[in-house]
Amino acid sequence: MLPTMSDVTYERARRLCEHIRETHINELKSLCQMMKPSERFQDVQMNDIRRYTKLIQALSVEPIFTHLPHYFDRKNRFYVPTALDVDESEECEFDMIREMKNNGDLLRLLFEYNHLIASKAETSFTFNTKFTNSADFDNKQTTEKLESNITKSLCISVITKDDAEGRLNDKATH
1 MLPTMSDVTY ERARRLCEHI RETHINELKS LCQMMKPSER FQDVQMNDIR RYTKLIQALS
61 VEPIFTHLPH YFDRKNRFYV PTALDVDESE ECEFDMIREM KNNGDLLRLL FEYNHLIASK
121 AETSFTFNTK FTNSADFDNK QTTEKLESNI TKSLCISVIT KDDAEGRLND KATH
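Residue numbers (the UniProt record's numbering): 1 to 174.
Structure follows, in structure tokens:
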């Protein structure tokens, strides 16, 4: 064991590495896309991996290592750790919507995992994507007509580590 790591942190890191090693290639691609959903997925950068793993190790809640590593709050909403380093919420929103328009796989993932824990962010924020289902990236009229549509559109929450811990620890106390 590393001298600066607690036993719990070491075990969590070991389980994360084991989970990644055993993950099927298609799920691994999904994991890589969700690691940095604001950028076009080509390859994973070492800094993204470091930010992602440090976030998982820093959270006081144990992740669920099924499919994408994730967490649940008391309302059974998915929370996914990411390597997002958010300086400006409007830029992050713009980048993510652009990627969702160009990447149907990412859009489908975000419909399931729409609460993203940023590895670094000053504040939490939520934005409306105006997508109403995962097929919307093929139908530009759908997003244009949303104002007259009763269908609820996808909202993405990008939350800080502290806010995530508050929501996730709230589950443990109820």
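Glycine residues also receive a C-beta, built at the ideal position from the N, C-alpha and C atoms.
For Ala118, the three-state secondary structure derived from DSSP is coil. Excluding residues up to 5 positions away in sequence, Leu68, Val80, Thr82, Leu109 and Tyr113 lie with their Cβ nearer than 7 angstroms to the Cβ of Met34 in the same chain.
Per DSSP, the continuous alpha helix (DSSP H) segment holding Phe94 begins and ends at Ser89 to Asn102.
A distance below 7 angstroms between beta-carbons, with the five flanking residues on each side excluded, links Glu165 to the following residues of its chain, in chain order: Leu59, Ser60 and Val61. Straight through space, the alpha carbons of Leu154 and Lys75 are spaced by roughly 17 angstroms.
Burial check for His115: the Cβ neighbour count within 10 Å reaches 16 or more, so the residue is buried. Excluding residues up to 5 positions away in sequence, Pro63, Ile64, Phe78, Tyr79, Val80 and Tyr113 lie with their Cβ nearer than 7 angstroms to the Cβ of His70 in the same chain.
Only exposed fits Pro3, as fewer than 16 other CB atoms lie within 10 angstroms of its CB. DSSP places Tyr113 in the coil class of the three-state scheme, outside both helix and strand.
Your pair Leu55 and Lys161 checks out as a contact, with CB atoms roughly 6 angstroms apart and the cut at 8 angstroms. In the structure shown, Thr126 adopts extended strand secondary structure according to DSSP, grouped into three states.
Here Val61 carries a coil assignment [DSSP, helix/strand/coil].
Sequence-distant Cβ neighbours of Leu28 in its own chain, meaning closer than 8 angstroms and more than five residues away, are Ile20.
Counting of Cβ neighbours within 10 angstroms places Ile117 among the buried residues, the total reaching 16 or more.
Rounded to whole angstroms, the separation of the alpha carbons of Glu11 and Phe111 is 31 angstroms. In the structure shown, Asp163 falls within a helical segment according to DSSP collapsed to helix, strand and coil.
Leu107 is a Cβ neighbour of Phe131, given a cutoff of 8 angstroms. For Lys29, the uninterrupted alpha helix (DSSP H) run begins and ends at Ile25 to Met35, by DSSP.
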